[in-house]
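A short worksheet on the structure shown next.
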Amino acid sequence: MAATALPPGRTTRIRLDGDAWAKRGFIAIIALYLVVALALPLYAMLSKAFSTFQFDLGRYEFQVSDAAGTFDGTIVTGAELNATAGVYAPEDLIAGSADRMPVAKLFADFSFRSPVRYRVRGVTAGDAFVAGSDRVAGGAWQEYDSNTFRRVALLPFASTGLGNFTRYFSTPSLVRSIENSLVISTLSTIVTVLLAFFFSYALNRSCMRFKGVFRLIAMAPILVPSLLPGIALVYLFGNQGFLKALMMGETIYGPIGIVAGSIFFTFPHAMLIISTALAISDARLYEAATSLRASRWKIFWTVTVPGARYGLISAAFVVFNLVITDFGLPKVIGGQYNVLAVDIYKQVIGQQNFEMGAVVSVVLLVPALLAFAVDRLVQRRQVALLSARSVVYQPKPDRGFDWLCFAYCGLIAFFILAILGICQFAALVKFWPYDLSLSLKNYAFDLMDGGGWQAYRNSIQLALLTAVFGTIVVFVGAYMVEKTDGFLAGRTLFQFLAMMPMAIPGMVLGLAYIFFFNNPANPLHFIYATMAILVLSTITHFYTVSHLTAVTALKQMDNEFESVASSLKQPFFKLFARVSVPVCLPAILDISIYLFVNAMTTVSAVVFLYSTDTALASIAVLNMDDAGDIAPAAAMGMMIFYTNVAARTAHAFISNSVLKRTQAWRLR
Amino acid sequence: MFLKPLKKLSLALACTTAVVGAVNAAELTVYTAIEAEDLARYAEEFNKVNPDIKVNWVRDSTGVITAKLLAEKDNPQADVIWGLAATSLLLMKSEGMLEPYAPAGVEQLDKKFVDSSNPPTWTGMDAWVASICYNTVEAEKAGLTPPTSWKDLTKPEYKGMVIMPNPNSSGTGFLDVSSWLQMFGEEEGWAYMDALHENIAQYTHSGSKPCKQAAAGEIPIGISFAFRGAKSKADGAPLEIIVPSEGVGWDMEATAIVAGTDDLDAAKKLVDFTITKQASEMYNVGYAVVAYPGVAKPVQFFPPNLTEKMIDNDFEYAANNRAAILKEWQARYDSKSEAK
């Protein structure tokens, strides 16, 4: 081994055996999946943002007759006419694809009663215009009397450039949304993080009773679509609400409603992160502080808060990101308060202005990407806090403090349950507020917009497919990346792709999918408007968290397993199936339930992608609320909740029984 | 394990084949914005005449269906559009997306309901008409007097008491705006909306929501359409449906064949059916104004004088100026809609 006299041999390289090649193959396949499901659609969306429409007056020519209707043969272009008449400024020439430009305005002395006749043509056959509602191809001269000529309008041309962005930033109502989005996100973040911090503090630092129950209730908002708190708030604080008096004349439709609803649906996310941060703090620090006779107050500020600071920062950015990219809640309760995510929807669905929708998406990407980057940076530091010598903090009973914690958590739990309870109540009431007798008529979904009971069945199908295929793709991808030697460039690229979905708002992803998959030249076009595209988008949308869960579980497994297996000449898939999968089963089950629950509740990505055959329950909630059928919307929202509760319960049950069989080794 | 991507693929294929392979001889993909509850009834009536043609509905709101059709311009998925706002169809016509066809018996229809081109590219089915939904219970609580005209709605007593649909997302909202501009003229029309804006509590995304909110007492006055009001009233809401004296805007639901359909014959048969007397009788269940003359019977709770109050709507004006009107509307009301 230590011989130094040997002549230098060939430079050593890792010899790639069949296994290594297969693993690289898998990485390539799943990376390809991410490229197709994420990178290419985003590229398509970006290029759409730069594809503009504008009127080109130089491509049209006109002739004007005298009063007797004879033409003298003078030809003028539209550009020349505009130069003299000066009716259209350069910014008027930037258009959306549905804009039409009437040409009669170019003639200062135009009157539709005059006997003057007009000739018009586009210079080439492609330069079409409309006469009334008929499309007229360019090339040949067309003659119109003045009354018909008033109905002639030019069509815009496609080109590329920054025109859409210029138009965006010069439209005050659109730019205003940036400020609005930032305001509500910041407000919600501050309040949610504060509330969640004290909740987690009570859970981790007190000896109050019913901790498990509180934790369970605090997680409930994850199981409903973000629209549901909006509906509940309307019933509580709307003009016919129970508690309208508490609003003191303010309206719930607007920033107040958005912030209140956002706190509800982001609370569990913040609570989980902060709770983890508090749970890992080191008891030795507290011992030291107590022996230095520091007061409880002082310990809180010098030990607890600094220890949890990365958790707090991370929670803040996660909440910020969730709120700014959320679409359902502001749609339901935002009233006239425009935010970016709703603007995308309005541009695309209301005005058919896909280009502007893409521009708003790009604008929304900026804060989302920033929040994501900061969060990643902070998360990396958080890990460094844990050391092997840390001692887990054990709270000691303290009657007064425990009761205070209990009261606080009870209050929060009450609010959460009240929001859910009011939805269930509203769903069962016959005709709010005039007839409060109970009936099941709001469950007759088939008579309403949104897809009926079929939508509910579709949602379950989507959730199951997403859970099964998503877990397979995610776990295999994570395994190959974690347990492959060498190939650093490929693995880094893969990690990057796997982290990206978290930074991409769902609305943006959905819109990007329209641009990419609805292009007839795309060989994958056939999945458009099928269940497959919904599954694909949902897996991609929730890829990152699943991937991180898998990676964390795999990191806990020693790499020696791979070395041993290969020295025993065992193919990697045998190791994968017999060791890795069983050991990581808890994580695999967690990934699948995470995907299931999110597929049931997601609205943002799929709102652009569903078709009549694949309508979803979460979208039905949105559409029924949109049509004013608020009680049925609440009813469907609660159906989603119960389904998720059932799925969670099944998950807990399966986990327990499976874990008993596969994880017994951990206890030995 | 190599099978995973394949499985996905076959799953997607299975989904598509499940839709394509069925018993009927011909299938048509029909895009529509008709109220969801009417779809099954319409298809059933059609199948009584043409049992061998299966209708596959793709239903969504006017805005969504229009966006979908425009997005699929170069690769149309629909065979027929049955029940979409005429203003939307005109937009598609100017993009060359519709197949001109004179359905059998088109000469029987009211001229208002047929495209002026020859052969026509679209034919109308029925009209949906703007109206004000007025909640008598809530109005009494607030001490309001019922409005009788559009101009009344600008009175200070209604401040914060009116909801109307946002024309940027709702077809009903757009027909209101375009009718005011046509009735009052551009200048006065915008001045009217400036005054009305002072009283508006909220602009909703959908056209039926204002009436449903009025029905639920969320607001005393909802600008919506008559059909919705009649339905909510039938459900027991304390509503009065007011037809403003100046006249009311309307749009029609219309039918057209999408250029590039794979089954032109079946598409023609469907369009032929949509303009028959029988079809108009079928529309009459929900719509008081239908294309076939002499068919319309009064609909329960529908305001009786509605038909005569319908303005002489210039659809072409509405379609060609739509983008410009919406831009102006957005600039005026969307930006200052929230008090600082």
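In the order they appear, the protein sequences are chains S and U. Take the numbering used here: the last position of the first sequence gets the number 668, and nothing is skipped along the way. Take the numbering used here: the last position of the second sequence gets the number 1008, and nothing is skipped along the way. Note that CB positions come from ideal geometry on N, CA and C, so glycine has one too.
task = Output the distance between the C-alpha atoms of residue 10 of chain S and residue 17 of chain S, rounded to the nearest integer angstrom.
result = Cα to Cα, residue 10 of chain S sits roughly 18 angstroms from residue 17 of chain S.
ask   = Using 8 angstroms as the Cβ pair cut-off and three pairs as the minimum, do the stretch 841 to 856 of chain U and the stretch 894 to 909 of chain U touch?
value = The stretch 841 to 856 of chain U, when compared against the stretch 894 to 909 of chain U, does not touch it at the 8 angstroms Cβ threshold.
Inter-residue spacing [alpha-carbon to alpha-carbon] between residue 641 of chain S and residue 183 of chain S = Cα to Cα, the separation comes out at about 30 angstroms.
Neighbour flag for residue 561 of chain S against chain U, beta carbons, 8 angstroms = It does not: the Cβ of residue 561 of chain S has no partner Cβ on chain U nearer than 8 angstroms.
query = Where does residue 811 of chain U fall in DSSP's three states?
reply = In the three-state DSSP reduction, residue 811 of chain U falls in the coil class, being neither helix nor strand.
query = Out of U:895, U:959, U:774, which has the shortest C-alpha to C-alpha gap to residue 1011 of chain U?
reply = Lying outside 669 to 1008, the shown extent of chain U, residue 1011 of chain U is not represented and no answer is given.
key: For residue 981 of chain U, the three-state DSSP class (helix, strand or coil)   = Residue state, collapsed to three classes: coil.
query = Do the stretch 837 to 855 of chain U and the stretch 978 to 992 of chain U make contact, defined as three or more Cβ pairs closer than 8 angstroms?
reply = Verdict: yes, contact present.
ask   = Do residue 222 of chain S and residue 167 of chain S come within 8 angstroms of each other at the CB atom, strictly closer than that value?
value = Result no, Cβ atoms of residue 167 of chain S and residue 222 of chain S do not sit closer than 8 angstroms.
query = Taking any Cβ of chain U, which residues in the stretch 248 to 271 of chain S have a Cβ under 7 angstroms from it, in chain order?
reply = Those would be 253, 254, in chain order.
task = Tell me, please, whether the CB atom of residue 626 of chain S is closer than 8 angstroms to any CB atom in chain U?
result = It does: the Cβ of residue 626 of chain S has a partner Cβ on chain U nearer than 8 angstroms.
task = List the residues of chain S whose Cβ lies closer than 7 angstroms to the Cβ of residue 764 of chain U, in chain order.
result = Residues of chain S passing the Cβ test: 135.
Terminal residues of the beta strand (DSSP E) in which residue 908 of chain U lies = For residue 908 of chain U, the enclosing beta strand (DSSP E) starts and ends at 907 to 910.
query = Counting contacts by CB-CB distance shorter than 8 angstroms, is residue 826 of chain U in contact with chain S?
reply = Not one chain S Cβ lies under 8 angstroms of residue 826 of chain U.
key: contact_flag[the stretch 425 to 445 of chain S, the stretch 628 to 648 of chain S] where n(CB pairs < 8 angstroms) is 3 or more   = The stretch 628 to 648 of chain S and the stretch 425 to 445 of chain S touch, with three or more beta-carbon pairs separated by less than 8 angstroms.
message = Does residue 996 of chain U come out as helix, strand or coil in the three-state DSSP assignment?
response = Taken through DSSP and simplified to helix, strand or coil, residue 996 of chain U comes out as helix.
task = Kindly give me the distance between the Cβ atoms of residue 919 of chain U and residue 843 of chain U, rounded to whole angstroms, as I take these residues to be in contact under 8 angstroms.
result = The Cβ separation is near 5 angstroms, so the contact holds.
request  = In the DSSP assignment, find the unbroken beta strand (DSSP E) run with residue 724 of chain U in it and report its ends.
outcome  = The continuous beta strand (DSSP E) containing residue 724 of chain U extends over residues 721 to 727.
Short Cβ contact (8 angstroms threshold) for residue 823 of chain U with residue 916 of chain U = Not a contact, by the Cβ cut-off of 8 angstroms.
ask   = Nearest chain U C-beta to residue 196 of chain S closer than 8 angstroms, yes or no?
value = Taking Cβ atoms only, chain U never reaches closer than 8 angstroms to residue 196 of chain S, which makes this a no.
message = Using a Cβ-Cβ distance cut-off of 8 angstroms, determine whether residue 704 of chain U contacts chain S.
response = Chain S, which has a Cβ nearer than 8 angstroms to the Cβ of residue 704 of chain U, makes this yes.
request  = Report the residue from U:814, U:721, U:712 whose alpha carbon sits nearest the alpha carbon of residue 950 of chain U.
outcome  = When only C-alpha atoms are compared, the closest one is U:712.
message = I'd like to know whether the C-beta of residue 870 of chain U is nearer than 8 angstroms to at least one C-beta of chain S.
response = Yes, residue 870 of chain U counts as interfacial toward chain S.
query = The alpha helix (DSSP H) spanning residue 626 of chain S covers which residue range?
reply = Under the DSSP assignment, residue 626 of chain S falls in the alpha helix (DSSP H) whose first and last residues are 617 to 626.
task = Using a threshold of 8 angstroms, state whether the C-beta atoms of residue 201 of chain S and residue 285 of chain S are closer than that.
result = No Cβ-Cβ contact shorter than 8 angstroms links residue 201 of chain S with residue 285 of chain S.
key: Where the beta strand (DSSP E) containing residue 301 of chain S begins and where it ends   = Bounds of any beta strand (DSSP E) do not take in residue 301 of chain S, whose DSSP letter is neither H nor E.
key: Residue burial classification, residue 645 of chain U (beta-carbon count within 10 angstroms, cutoff 16)   = A question about residue 645 of chain U goes unanswered here, because the residues of chain U that appear run from 669 up to 1008.
message = Determine, for residue 518 of chain S, whether the minimum Cβ-Cβ distance to residues of chain U falls below 8 angstroms.
response = Yes, residue 518 of chain S counts as interfacial toward chain U.
query = In terms of DSSP beta bridges, what is residue 160 of chain S paired with?
reply = Looking at the DSSP assignment, residue 160 of chain S forms a beta bridge with S:51.
key: Collapsed DSSP secondary structure at residue 155 of chain S in the structure displayed   = Residue 155 of chain S: coil per DSSP, three-state reduction.
message = Quick check on residue 431 of chain S: buried or exposed, where buried means 16 or more other Cβ atoms within 10 Å of its Cβ?
response = Flag for residue 431 of chain S reads buried.
request  = Give the interface partners of residue 153 of chain S over in chain U, defined as CB-CB distance under 7 angstroms, in chain order.
outcome  = What residue 153 of chain S touches in chain U, judged by beta-carbon distance under 7 angstroms, is 988, going in chain order.
ask   = Can you find a C-beta in chain U that's less than 8 angstroms from the C-beta of residue 433 of chain S?
value = Chain U, which has a Cβ nearer than 8 angstroms to the Cβ of residue 433 of chain S, makes this yes.
query = Which residues in the same chain have their Cβ closer than 6 angstroms to the Cβ of residue 88 of chain S, if we skip the five residues on either side of it in sequence?
reply = Around residue 88 of chain S: 82.
task = Run through the stretch 780 to 837 of chain U for me and flag every whole alpha helix (DSSP H) of 4 or more residues, listed as ranges in chain order.
result = Annotation: the stretch 780 to 837 of chain U contains the following complete segments of the alpha helix (DSSP H) (minimum length 4 residues), in chain order: 804 to 810.
Nearest to residue 326 of chain S (by Cα), restricted to the options S:353, S:622, S:465 = It is S:622 whose Cα lies nearest to the Cα of residue 326 of chain S.
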